[in-house]
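Only one structure is covered here, and it is reproduced in the block below.
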């Protein structure tokens, strides 16, 4: 994705330059705030189910839904998972991190954004290395 394409993307979804980053490795990072803006703008509802909830490992299933006027109800679109464990997370809030990861994956898949990742997918990288890898679009 070129810088111009990324700029068009964040304008289309009413994002700020702080909501979307291009990583030098070739993919795009969307912050939690950006994910929530895209979710709201596109009227996507997400339901979560607990798959595993242990002291050292959490797995949540997220199902995205959009309103189908013909059926007069929300219908499922994408089902995906988010996890957090003591092995892949520096935070001790495993449920919250798993939820953020599941939400980001669900919205990204629902919107069919290829080459995009939620910010929390890179959570276990040190901030200094992450800051060296991303640049803010202008």
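Numbering (this note's numbering), first residue to last: 403 to 540. Glycine included, each C-beta is placed from N, C-alpha and C at the ideal position.
Helix or strand or just coil, what does DSSP make of residue i?
{"i": "residue 408", "result": "helix"}
{"i": "residue 468", "result": "strand"}
{"i": "residue 428", "result": "coil"}
{"i": "residue 451", "result": "strand"}
{"i": "residue 517", "result": "coil"}
Please report how far the alpha carbon of residue i lies from the alpha carbon of residue j, in whole angstroms.
{"i": "residue 516", "j": "residue 485", "result": "20 Å"}
{"i": "residue 412", "j": "residue 418", "result": "7 Å"}
{"i": "residue 479", "j": "residue 502", "result": "18 Å"}
{"i": "residue 471", "j": "residue 492", "result": "43 Å"}
{"i": "residue 488", "j": "residue 474", "result": "42 Å"}
{"i": "residue 460", "j": "residue 510", "result": "21 Å"}
{"i": "residue 408", "j": "residue 438", "result": "18 Å"}
Would residue i and residue j qualify as a contact pair, given that the criterion is a beta-carbon distance under 8 Å?
{"i": "residue 462", "j": "residue 448", "result": "no"}
{"i": "residue 523", "j": "residue 500", "result": "no"}
{"i": "residue 432", "j": "residue 425", "result": "no"}
{"i": "residue 421", "j": "residue 435", "result": "yes"}
In chain order, what residues of the same chain have a beta carbon less than 7 Å from the beta carbon of residue i, not counting five sequence neighbours either side?
{"i": "residue 508", "result": "448, 464, 466, 480, 482"}
{"i": "residue 468", "result": "445, 446, 476, 477, 479"}
{"i": "residue 415", "result": "439, 440, 443"}
Kindly list the residues whose CB is nearer than 8 Å to the CB of residue i, restricted to its own chain and excluding five residues on each side of it in sequence; keep chain order.
{"i": "residue 410", "result": "none"}
Using a Cβ-Cβ cutoff of less than 6 Å, which residues in the same chain neighbour residue i once the five nearest sequence positions on both sides are dropped?
{"i": "residue 442", "result": "none"}
Open item on the list: Quick check for students: name the residue ranges of the beta strand (DSSP E) that lie wholly in the stretch 453-504, counting only runs of 3 or more.
Closed with: 459-470, 475-487
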